[in-house]
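Here the working numbering runs 15 ahead of the position in the sequence shown, where the first position is 1.
The beta carbon of each residue, even a glycine, is placed where N, CA and C say it ideally should be.
It should be emphasised that the depicted structure is a prediction, and the values quoted were computed from it without experimental measurement.
Inspection log for the structure reproduced underneath, given as structure tokens.
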Amino acid sequence: MAARLLYDVQQRYKPRIYREFLGAEPYTESEFQARYRFSKESIQILTNLLNDDLKRPTNRSHAIPVETQIKIALRYYASGSFMQVIGDTFGYDKSTVSRIIQAVTGAISAHGADFLRWPDETTKPAIINGFYNIARSPCVIGAVDGTHIRIQAPSDNEYAFVNRKNFHSINVQGICGI
């Protein structure tokens, strides 16, 4: 009986096993950029920028490093893979990957005003003239090229959603003007 109780206690309190993530080391710069759509240097800049927003001090367990959180989110954005697949790649559960993506997205959005600015009234005429000189389009303040938004294969007409890069997507083109 005592042996059984001891066995139950040992089974209940198994030590956690933490897998070491190799990070960017196995990849060349071009392979790294293909996977994350960012250079190693750019990810380091993002890590420094978002460190205070994403760092989780904890005495309970091992916090996920900020750089790893950023790589998980960027891999998700770049590949369109399922969270389960991203989690398997990095060694984390799908729910952890979901929380990381949400946190990184929020942190990046919070810094959006530092990098994205609408032109003010004094710079608009110069931008409009620039677009007019390029394409003879009057009153254009900006433009967005077409892009493919990755989707899951629909059950109906699946073949109609395969793009030239051989994945399922919806082709979207947006134009912004005043």
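For residue i, report the span of its beta strand (DSSP E) as first-last.
i   : result
T43 : First-last for T43: undefined, no H or E at that position.
What residue range is occupied by the uninterrupted alpha helix (DSSP H) comprising residue i?
i    : result
N66  : 55–69
D129 : 127–130
K180 : Element bounds for K180: n/a, residue is neither H nor E.
A88  : 81–94
V100 : 98–105
I143 : 139–150
Let me know if residue i comes out buried or exposed under the rule of 16 or more other beta-carbons within 10 Å of its beta-carbon.
i    : result
E173 : exposed
A175 : exposed
E82  : buried
L61  : buried
Q84  : buried
V112 : buried
I143 : buried
F47  : buried
V187 : exposed
F105 : buried
V119 : buried
Y195 : This structure cannot settle anything about residue 195, because the visible part of the chain is limited to 16 through 193.
Just grab the DSSP bridge partners of residue i for me.
i    : result
I164 : I185
What distance in whole Å lies between the Cβ atoms of residue j and residue i, which are believed to be in contact at a cut-off of 8 Å?
i    : j    : result
H163 : N178 : 5 Å
G95  : R165 : 4 Å
I79  : I115 : 7 Å
Quick test of the definition: if touching needs 3 or more C-beta pairs under 8 Å, does the region 41–58 touch the region 89–105? In short, these stretches touch, since the Cβ pair count reaches three.
Can we say the region 67–79 touches the region 94–101, given the rule of at least three CB pairs closer than 8 Å? Contact fails between the region 67–79 and the region 94–101, because fewer than three Cβ pairs, one in each stretch, are under 8 Å apart.
Quick test of the definition: if touching needs 3 or more C-beta pairs under 8 Å, does the region 152–160 touch the region 119–127? Remark: fewer than three beta-carbon pairs, one from each stretch, lie closer than 8 Å, so the region 152–160 and the region 119–127 are not flagged as touching.
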